[in-house]
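If you read the protein sequences in the order shown, they are chains A and B. What the first sequence shows, in the working numbering, is residues 1 to 267, in sequence order. What the second sequence shows, in the working numbering, is residues 268 to 344, in sequence order.
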Amino acid sequence: MATNRIGFRQFLRKVNESQDIRIIVDSNIIISYFDEIHSAHDDVSNLLNSLDSIANVTLYTTVTTKSEFLDYQRRKLLTMGLLSLNEEFKDKIKLKPDCSEVINTVKLRKNMRLGREIKRVSDESEINSALNYFRDSEIKEIKKVFRARDIQDEAGWLKICTIFLKTKLLEQEKLLDSFCNYLSIHDGSQKNLFTVSEIDWNKATIISAETGMGYSDAMILNMACSTEIEFIATLDFDLVYAGAFQMQKSILLPDNRIKTFKRILKN
Amino acid sequence: MKKRRKFSEIYEDMDSINKRKPTIEELNELEETLKKSELIISESENETDSDGVPQVDKSAMNRNKIEDINGNEPNRI
């Protein structure tokens with residue numbers, strides 16, 4: 001049962017004015033749309049903004065995808081905030097040397113990772129934008145140094161989170177909620193979307209086990225299998241590969257990635 | 268389902284949140300909290316000593332002190 005892989009440009013050419021289009025979006029689509037330094041940002045922006053101006057488009061995703069996006073934003077906002085303490089605000093906030101040193105050390109590590117990635121990939125569009133931000137373990141490393149010295153509390157670190165993260169992340173969550181709908185069989189307004197009376201999550205495990213794909217992607221595929229939604233938009237090779245075996249859905253991909261995938265599958 | 272805003276408008280809002288700088292008041296609050304937690308250089312430490320060397324967190328400098336294989340501090344006269 002073949003799955004259609006459609007390039008963004010080809011898809012846009014086929015869309016009719018005022019057509020109702022429903023798309024399940026993978027986390028990498030949401031992340032790349034909202035992160036201007038993501039290598040697929042231009043492709044995804046062009047797809048979604050063009051669709052928005054032509055058709056009646058509704059985006060769906062899973063709550064797992066929402067958590068992936070918010071976690072990406074958490075790392076991004078904290079990275080930007082911590083770096084600004086050492087750069088833009090260094091004259092106002094004169095950090096003790098061990099505090100500024102740990103930020104510099106982690107920054108250096110991040111830049112080295114990014115440098116290696118740039119050397120490794122032949123095509124800049126393949127660069128993983130998450131490499132621009134600190135890893136979770138690195139944020140924890142910095143957090144440890146920002147503990148108070150004499151009193152066992154986390155006031156310093158918590159204030160950093162309040163200033164650079166808290167309000168922003170809460171506001172961004174609201175914006176994401178207005179950007180897409182979270183698929184739920186228990187949501188009365190989505191009743192007509194589902195083709196089953198109950199989601200069988202064991203199927204997600206089977207998809208993951210049969211293909212080796214990540215569980216979050218397997219959940220998206222399983223959800224897609226349980227609905228009438230025709231399209232899945234992704235940047236992920238895994239989703240395309242498994243989609244080809246699992247169901248009749250159209251997978252939307254950036255055009256340059258389709259070429260790459262075709263070459264890989266052919267070989 | 269209620270009508271949503273344009274994707275591009277949502278993007279603009281998301282982007283402006285990413286780029287929003289802390290206010291002066293927020294920076295003052297942060298400075299005050301970090302000061303209480305002894306995470307920033309105090310005014311007295313920030314003053315220079317008689318040799319004109321800033322007296323920055325000497326305890327941290329001691330923690331990071333490097334000794335050679337014989338236990339001698341480098342650059343010791």
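Don't be surprised by glycine CBs; every beta carbon is placed ideally from N, CA and C.
Can you grab the Cα-Cα spacing for the pair residue i / residue j, in whole Å?
i	j	result
Leu175 (chain A)	Thr211 (chain A)	34 angstroms
Arg74 (chain A)	Leu252 (chain A)	28 angstroms
Val309 (chain A)	Leu78 (chain A)	The first residue shown for chain A is 1 and the last is 267, placing residue 309 (chain A) beyond what the model contains.
Phe274 (chain B)	Thr167 (chain A)	21 angstroms
Asp103 (chain A)	Leu83 (chain A)	It is worth fixing the name first, because residue 103 (chain A) is Ile in this sequence and not Asp. C-alpha separation (whole angstroms): 7 angstroms.
Arg272 (chain B)	Met281 (chain B)	13 angstroms
Leu47 (chain A)	Tyr215 (chain A)	26 angstroms
Lys119 (chain A)	Leu183 (chain A)	39 angstroms
Leu301 (chain B)	Lys159 (chain A)	8 angstroms
Lys96 (chain A)	Lys288 (chain B)	22 angstroms
Leu12 (chain A)	Asp35 (chain A)	22 angstroms
Lys110 (chain A)	Lys76 (chain A)	12 angstroms
Phe72 (chain A)	Gly188 (chain A)	Checking the displayed sequence, the identity of residue 72 (chain A) turns out to be Tyr instead of Phe. Near 30 angstroms, if we compare the C-alpha coordinates of Gly188 (chain A) and Tyr72 (chain A).
Arg263 (chain A)	Glu87 (chain A)	45 angstroms
Ser50 (chain A)	Met80 (chain A)	30 angstroms
His186 (chain A)	Ile37 (chain A)	36 angstroms
Glu154 (chain A)	Leu70 (chain A)	23 angstroms
Glu299 (chain B)	Ser27 (chain A)	38 angstroms
With a cut-off of 7 angstroms, does the C-beta of residue i fall near any C-beta of chain A?
i	result
Glu292 (chain B)	no
Ser275 (chain B)	yes
Glu298 (chain B)	yes
Ser283 (chain B)	no
Asp280 (chain B)	yes
Arg271 (chain B)	yes
Does the beta carbon of residue i sit closer than 7 angstroms to a beta carbon anywhere in chain B?
i	result
Gln19 (chain A)	no
Lys119 (chain A)	no
Cys225 (chain A)	no
Asp187 (chain A)	no
Phe34 (chain A)	yes
Ile93 (chain A)	yes
Ile127 (chain A)	no
Glu171 (chain A)	yes
Gly214 (chain A)	no
Asn28 (chain A)	no
Leu235 (chain A)	no
Ile103 (chain A)	no
Asn56 (chain A)	no
Ile163 (chain A)	yes
Ser178 (chain A)	yes
Asp71 (chain A)	no
Leu175 (chain A)	yes
Asn86 (chain A)	no
Asn49 (chain A)	yes
Lys96 (chain A)	yes
Asp255 (chain A)	no
Lys159 (chain A)	yes
Gly156 (chain A)	yes
Would you kindly check if the distance between the Cβ of residue j and the Cβ of residue i is under 7 angstroms?
i	j	result
Thr62 (chain A)	Ile220 (chain A)	yes
Val145 (chain A)	Asp217 (chain A)	no
Asn222 (chain A)	Tyr60 (chain A)	no
Arg113 (chain A)	Leu131 (chain A)	yes
Ser226 (chain A)	Ile199 (chain A)	yes
Ile21 (chain A)	Ala233 (chain A)	no
Arg5 (chain A)	Ile258 (chain A)	yes
Ile127 (chain A)	Ser39 (chain A)	yes
Ser53 (chain A)	Val44 (chain A)	no
Ser309 (chain B)	Gly156 (chain A)	no
Val106 (chain A)	Ala55 (chain A)	no
Asp255 (chain A)	Gly7 (chain A)	yes
Asn195 (chain A)	Glu228 (chain A)	Reading off the sequence, residue 195 (chain A) comes out as Thr, not Asn. Against a cut-off of 7 angstroms, the Cβ pair of Glu228 (chain A) and Thr195 (chain A) comes out as a contact.
Ile284 (chain B)	Gln172 (chain A)	yes
Lys94 (chain A)	Ile307 (chain B)	yes
Lys90 (chain A)	Leu294 (chain B)	no
Could you tell me how far apart the beta carbons of residue i and residue j are, in whole angstroms, since I believe they sit closer than 8 angstroms?
i	j	result
Leu193 (chain A)	Ile29 (chain A)	Leu193 (chain A) to Ile29 (chain A), Cβ: 19 angstroms. No contact.
Ile163 (chain A)	Leu297 (chain B)	5 angstroms
Lys203 (chain A)	Phe231 (chain A)	Not confirmed; about 20 angstroms, so no contact.
Does DSSP put residue i in a helix, in a strand, or in coil?
i	result
Leu95 (chain A)	strand
Tyr60 (chain A)	strand
Leu235 (chain A)	coil
Tyr33 (chain A)	helix
Tyr182 (chain A)	strand
Gly188 (chain A)	helix
Arg147 (chain A)	coil
Asp324 (chain B)	Per-residue confidence for Asp324 (chain B) stands at a pLDDT of 46, beneath the threshold of 50, marking its modelled position as unreliable; no derived number is given.
Val121 (chain A)	coil
Asn132 (chain A)	helix
Ser100 (chain A)	helix
Ser53 (chain A)	helix
Phe194 (chain A)	strand
Arg287 (chain B)	coil
Asn342 (chain B)	Model confidence at Asn342 (chain B) stands at a pLDDT of 40, short of 50, so the residue's coordinates are unreliable and nothing is read from them.
Val106 (chain A)	helix
Asp282 (chain A)	For residue 282 (chain A) there is no data in the structure shown, the boundaries of chain A being 1 and 267.
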